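Contents: one structure, followed by commentary.
2 protein chains.
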Amino acid sequence: MAVSKAEIERRMERLAQTCRGGRLKLTHQRMEVFRELAGAEDHPDAETIYQNVRRRVPAISRDTVYRTLATLEEQGLVHKAEILSGRGRYDANMEHHHHFICTECGRVHDFYSRTLDDLPIPRSVASFGRVESAQVQLRGICANCAKGKR
Amino acid sequence: MAVSKAEIERRMERLAQTCRGGRLKLTHQRMEVFRELAGAEDHPDAETIYQNVRRRVPAISRDTVYRTLATLEEQGLVHKAEILSGRGRYDANMEHHHHFICTECGRVHDFYSRTLDDLPIPRSVASFGRVESAQVQLRGICANCAKGKR
DNA sequence: TCTCTAAACAAGAATGATTCCTATTCAGGA
DNA sequence: TCCTGAATAGGAATCATTCTTGTTTAGAGA
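Chains as they are written, first to last, in numbering that gives the first Met the number 0: chain A, 0 to 149; chain B, 0 to 149.
Here is the structure:
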């Protein structure tokens, strides 16, 4: 079940609109990086995108791919799945808990909830595989950072 | 609200038991790395742990901290909060969705659920800050990897 | 208590992802 | 068509993490 041609076109059009709206240039590289994602369903990483786009734009650099992805994310055109900047965070609290992550300072707060511990997993997930753990991730601005911003 | 002395002792005892149980040595370094986590509530990263432990064990190396954290995680004594191996994964699908992550191959599958889109956030979270998004993360073994394992 | 050996360690090199730097190119408004 | 700031290429630099090699040591057994 690939992304339909029509949906890809719609997404490309949204890119064009967003660029016109902001003061962003609609460059060849930007279009090709986004096109790669517009048709993908497998959450590729930056390197994969780079390798694929390179077939069409041989001179493109890794840096451009990274920069473009960051720009697209800022513009709300793509979504980056990741917790933090890649640094693992550890704790010795083994009780089942969930996380509130401040997108500003990266601080993580634990919280507990019986209701959230026992989430209703949609039946469709079963086809992906066997679920071993479920966790809720909340993102937002922590009280501390919100204060500092004023 | 620091971790109580009693709870720290309980955790240290669990470490000792686990080491005796497996064929793990109860080394000075291992104890100090774990002690650091047993008393922490702020999900420190490896570097922070290294810097703190170094005050007590000046000769400890970063590698030992990383290795020890991995061992403790394997033994179920600590918990590592992180999505993937640090590589960001992108997609152009901006509809609100949740993720099933295969812990074996790292593949990510999207799924949708009205119920999960509107989770009951515990009141206590409000004191941490303003929540901007909520997402459910399921982890498990995908059908493909489960097949390959046999 | 002493000895022995696999497990664990220290130090620093290596790796892999990502970002920065600098000179060059180019999209799009005038 | 011309100009200018935004965007790019290429490669160096950075940051977290892992690997390699030689050394130390916990704890089992004599």
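Ideal Cβ placement from N, Cα and C applies to all residues, glycine included. Computed from a predicted structure; not experimentally measured.
Chain A contact for residue i (CB, 9 angstroms cutoff)
| i | result |
| --- | --- |
| Asp117 (chain B) | no |
| Met93 (chain B) | yes |
| Leu137 (chain B) | yes |
| Ala15 (chain B) | no |
| Val56 (chain B) | no |
| Glu8 (chain B) | no |
| Cys144 (chain B) | yes |
| Leu83 (chain B) | Legend: pLDDT at Leu83 (chain B) = 46, less than 50; position of this residue unreliable, value from coordinates given subsequently. With 9 angstroms as the cut-off, Leu83 (chain B) counts as an interface residue toward chain A. |
| Gly147 (chain B) | no |
| Glu12 (chain B) | no |
Limits of the alpha helix (DSSP H) - the one that residue i falls within
| i | result |
| --- | --- |
| Leu208 (chain B) | Nothing can be reported for residue 208 (chain B), as the shown portion of chain B is limited to 0 through 149. |
| Leu71 (chain B) | Arg61 to Glu73 |
| Glu153 (chain B) | The displayed coordinates of chain B run from 0 to 149. Any statement about residue 153 (chain B) would go beyond what the structure contains. |
Close Cβ partners of residue i (< 8 angstroms) along its chain, the five nearest in sequence each way excluded
| i | result |
| --- | --- |
| Glu189 (chain B) | There is no way to answer for residue 189 (chain B), as the model of chain B reaches only from 0 to 149. |
| Glu94 (chain A) | Tyr111 |
| Gly38 (chain A) | Ala1, Val2 and Ile7 |
| Arg55 (chain B) | Glu31 |
| Glu12 (chain A) | none |
| Phe33 (chain B) | Arg10, Met11, Leu14, Thr67, Leu71, Leu76 and Val77 |
| Cys144 (chain B) | Cys101, Glu103 and Cys104 |
| Thr63 (chain A) | Gln28 and Val32 |
Partners in chain B for residue i, counting only beta-carbon separations shorter than 7 angstroms
| i | result |
| --- | --- |
| Leu25 (chain A) | The contacting residues do not exist; Leu25 (chain A) stays about 16 angstroms from chain B at best. |
| Thr114 (chain A) | Pro119 |
Residues near residue i by beta carbon distance below 6 angstroms, same chain, minus five either side
| i | result |
| --- | --- |
| Leu83 (chain A) | Below a pLDDT of 50, predicted positions are generally treated as unreliable, and Leu83 (chain A), at 46, falls in that range; no measurement from the model is reported. |
| His152 (chain B) | Past the edges of chain B, shown from 0 to 149, lies residue 152 (chain B), and the structure says nothing about it. |
| Val135 (chain A) | His97 and Leu115 |
| Thr70 (chain B) | none |
| Pro43 (chain A) | none |
| Leu137 (chain B) | Phe99 |
| Lys4 (chain A) | none |
Within-9 angstroms CB hit, residue i to chain B
| i | result |
| --- | --- |
| Ala5 (chain A) | no |
| Ala1 (chain A) | no |
Residue i: contacting residues in chain A (beta-carbon distance under 9 angstroms)
| i | result |
| --- | --- |
| Cys101 (chain B) | Phe127 and Gly128 |
| Val107 (chain B) | Asp41, His42 and Ala80 |
Proximal residues of chain A, C-beta to C-beta of residue i below 7 angstroms
| i | result |
| --- | --- |
| His141 (chain B) | Just to set this straight, residue 141 (chain B) is Cys in the shown sequence, not His. Phe127 and Gly128, listed in chain order. |
Proximal residues to residue i (C-beta, below 7 angstroms), its chain only, five neighbours per side dropped
| i | result |
| --- | --- |
| Arg29 (chain A) | Thr67 |
| Val130 (chain B) | Ile120 and Val124 |
| Tyr65 (chain A) | Ala45 |
Per-residue contacts from residue i into chain A (C-beta, under 8 angstroms)
| i | result |
| --- | --- |
| Tyr49 (chain B) | The contacting residues do not exist; Tyr49 (chain B) stays about 12 angstroms from chain A at best. |
Terminal residues of the beta strand (DSSP E) in which residue i lies
| i | result |
| --- | --- |
| Val130 (chain A) | Gly128 to Cys141 |
| His172 (chain B) | Limits of chain B in this structure are 0 at one end and 149 at the other, which puts residue 172 (chain B) out of reach. |
| Val124 (chain B) | Counting along the chain, Val124 (chain B) falls outside any beta strand (DSSP E), and DSSP gives it neither H nor E. |
| His42 (chain A) | Note, His42 (chain A): premise wrong, no beta strand (DSSP E); not H, not E. |
| Lys79 (chain B) | His78 to Ala80 |
| Val107 (chain A) | Val107 to Phe110 |
Cβ-heavy atom distance, residue i to the ligand HEM, below 8 angstroms
| i | result |
| --- | --- |
| Gln74 (chain B) | Absent from the structure shown: the ligand HEM. Ligands present: none. |
(Q) Any C-beta of chain B within less than 8 angstroms: which residues of the region 120 to 135 of chain A qualify? (A) Ile120, Pro121, Ser123, Val124, Ser126, Phe127, Gly128, Arg129, Val130, Glu131, Ser132, Ala133, Gln134 and Val135
Q) Given a limit of 9 angstroms on CB to CB distance, which residues of the region 58 to 77 of chain A reach chain B? A) Leu68, Leu71, Glu72, Gly75, Leu76 and Val77
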